[in-house]
Amino acid sequence: MRIETTDNNLGKLTITEDSYKDLKDFADIPLEVIIKKQPSLLVFPLDLANSSDRIGEESIFNIEPNKDEDTASVAPYRLKTGNLMGFIGVGETQVNITSRFTEIGKEDFFLHYMLGKVLSVDFNVLNLSATGTNNDVLNLLMFMFPNLLKQAVAQGIFRAYRTYERNNSSVKGSIDINRHIRKNIPFLGKVAYRSREFSYDNYLLELIRHTIEYIKESGLSSLLSKDEDIRAAVHQVYDATSEYRKSDRSRIIGLNVRPVAHPLYTKYTELQKLCMLILRHENMKYLKNEDKVYGILFDGAWLWEEYLATILKKEGFEHPENKNHSGGIQMFRNKDLDENIDKNFRRIYPDFYKKGQCILDAKYKQLDKGLVREDLYQVVTYMHTMSVRQGGFIFPSKNLDDNDKNVFCYELAGDGGFIRSIKVKIPQNINSQTDFNNNMKSEELKLQGLINFI
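Quick note: the sequence shown, position 356, residue 356 per this note's numbering, numbers continuous.
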């Protein structure tokens, strides 16, 4: 059964008893708990523990009783979503979550546009629809591959121990007596033995190679040659996998069921997940006993912030990285005191700032009707700590009314200063990705003008 909804749906979606049975074990559970147990669920951002909005502490969805007497007999439960978008499959049920700026059943141009900007992917070449058909989802997975491949290869080519069975005169391992008797009687100077050696041609690199070949077979080979870094990464994988055989694909998939964990190759964990999703996507419905949850999810707040970064960095804004503990602002003048404060609060990480001028916070929230108190307190704290008089929020909006202001300004009491609520109007009722992209570029020009005015 296919369920379609949007992010932040306010519990408007009702579900049947059958869907509830599939989904109930994964409702109301922190995302960080689920992904530790579900190797076939891929979530962006990859580092949930250090995401700015703590998405790992949130659930994929919540389920509660449907109290509407008119519909409860047919659909006794309500499913409530948060900031996560994408798709997940659980048992016989697949849940497709589009952005709230897309009508259910329509193509999710906004999600594809942000992914394209953040991951440097051109979604114009494919018709990716929000209906979540097998080809649509598979295409999305394959479009994610080059970016993750580049990140992984940048850490070095993954090496792992392999067991080799050899039969020669240069013994470098444990002798295999049974095999030796079978192969070397009468004795001709050779010894059968096993050896464990570090190798680049291992189960994980073979999995990546099979994924590359699968993408080529799918008619999307252009994804693997769109820039020099991708071409170099693919070439390195080819060099490392001299034993590649297409007929080994099922065996290689079986060897990669357990997620890889290596402190030097952290990016390979997510790449492995993605490869498994791509290669097994067509058969996912038969894997429910092995992998209870599969799919790919994007945190809307993270994606919105990273999308804005592609615009604001060009305007001279700094974008501190909380997850890397780089670019943070010291909160206390006395460094000794600073070291005694809880690590989570020693430094502040505004989403964007110009030193001595302005700080801006990206919010993937519905702020048309006003700002949230906690968000206001946070920005005022940033402004005071950084000694700036200009602060603001940037949020997406479906309100396209020409009479509605894109900016609303609040003047602070006390020491003064100004906080601006800046709206980015997301195009609606668009029929193609190209038209949507053109409309978004116009909105981006307006945003740049507003930012420069501050």
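In this text, a Cβ means the ideal position worked out from N, Cα and C, and glycines have one as well.
Could you have a look at Asn66 and say whether DSSP puts it in helix, strand or coil?
coil
Cβ of Val118 within 8 Å of Cβ of Thr269?
no
Which value, in whole angstroms, describes the spacing of the CA atoms of Asn74 and Arg231?
For the record, residue 74 in the displayed sequence is Val; it is not Asn. Val74 and Arg231: Cα-Cα distance of roughly 53 Å.
Can you find the residues in the same chain that come closer than 7 Å, C-beta to C-beta, to Asn289, ignoring five residues on each side of it along the sequence?
Confidence is the limiting factor: at Asn289 the pLDDT is only 48, short of 50, which leaves the residue's position unreliable and the question unanswerable from this model.
Buried or exposed for Glu188, please, with buried defined as at least 16 other CB atoms from any protein chain shown within 10 angstroms of its CB.
Rather than Glu, the amino acid found at residue 188 in this sequence is Leu. Exposed, by the Cβ-count rule.
Where are the alpha helix (DSSP H) runs, 4 residues long or more, that stay fully inside the segment 354-430, in chain order?
373-386
Does the segment 192-207 come close enough to the segment 156-170 that 3 or more CB-CB pairs lie under 8 Å?
As far as the Cβ criterion goes, the segment 156-170 touches the segment 192-207, which means the pair count is three or higher.
Identify whether Gly156 lies in helix, strand or coil by the three-state DSSP scheme.
Under the three-state reduction of DSSP output, Gly156 falls in the coil class, being neither helix nor strand.
If Leu207 and Gln272 are in contact, beta carbons under 8 Å, what's the gap, nearest whole angstrom?
Between Gln272 and Leu207 the Cβ distance is about 7 Å, and since that is below 8 Å, they are a contact.
Sort Ala233, His281, Gln236 and Thr93 by Cα distance to Ser40 and report the nearest one.
His281
Going by DSSP, what residues sit across from Lys80 in a beta bridge?
DSSP, once it has assigned bridges, lists Asn62 as partnering Lys80.
Taking the alpha-carbon positions, what's the Ser242 to Ala154 distance?
21 Å
DSSP three-state label for Gly11, please.
coil
Please classify Gly416 as buried or exposed, where buried requires at least 16 neighbouring CB atoms within 10 angstroms.
exposed
With distance defined between alpha-carbon atoms, name the residue in Gly449, Val424, Asn62 and Phe453 nearest to Asn439.
Val424
Distance, Cα to Cα, Thr98 vs Gly414?
43 Å
Quick check on the burial criterion: 16 or more other C-beta atoms within 10 angstroms. Buried or exposed for Ala192?
buried
Please classify Phe143 as buried or exposed, where buried requires at least 16 other C-beta atoms within 10 Å of its C-beta.
buried
Tell me the DSSP bridge mates of Asp456?
Examination of residue 456 is not possible in this model, given that the chain is present from 1 through 454 alone.
Comparing alpha-carbon positions, which option in Val380, Ile394 and Asn167 lies nearest Tyr307?
Ile394
Excluding sequence positions up to five away, which residues of its chain have a Cβ less than 6 Å from the Cβ of Asn147?
Leu119
Relative to the C-alpha of Asn167, which residue among Lys190, Arg258 and Ser387 is closest?
Lys190
When the Cα atoms are used, what is the spatial distance from Glu57 to Pro65?
23 Å
Near Phe26, what residues of its chain come up, given a Cβ to Cβ distance below 7 Å and the 5 sequence neighbours on each side ignored?
Ile34, Ile60, Val90 and Val293
Would you tell me roughly how many angstroms separate the C-alpha atoms of Tyr377 and Gly82, rounded to the nearest one?
23 Å
Taking only runs that begin and end inside the segment 199-246, name each unbroken beta strand (DSSP E) of 3 or more residues, in chain order.
Correct list: empty.
Considering only C-alpha positions, which residue in the set Val380, Pro396, Asp351 and Lys354 is nearest to Glu369?
Glu is not the amino acid found at residue 369; the sequence shown has Lys there. Of the candidates Val380, Pro396, Asp351 and Lys354, the one whose C-alpha sits nearest the C-alpha of Lys369 is Pro396.
From Phe145, Glu165 and Tyr265, pick the residue whose C-alpha is nearest to that of Lys216; which is it?
Phe145
Would you mind working out which of Phe408, Lys106 and Leu303 sits nearest Ile55, comparing C-alpha positions?
Leu303
Starting from Gln94, follow its DSSP beta bridges and name the residues at the other end.
Residue pairing by DSSP places Gln94 opposite Arg2 and Gly89 in a beta bridge.
Would you mind sorting Cys358 into buried or exposed? The rule is 16 or more other CB atoms within 10 Å of its CB.
Burial call: buried.
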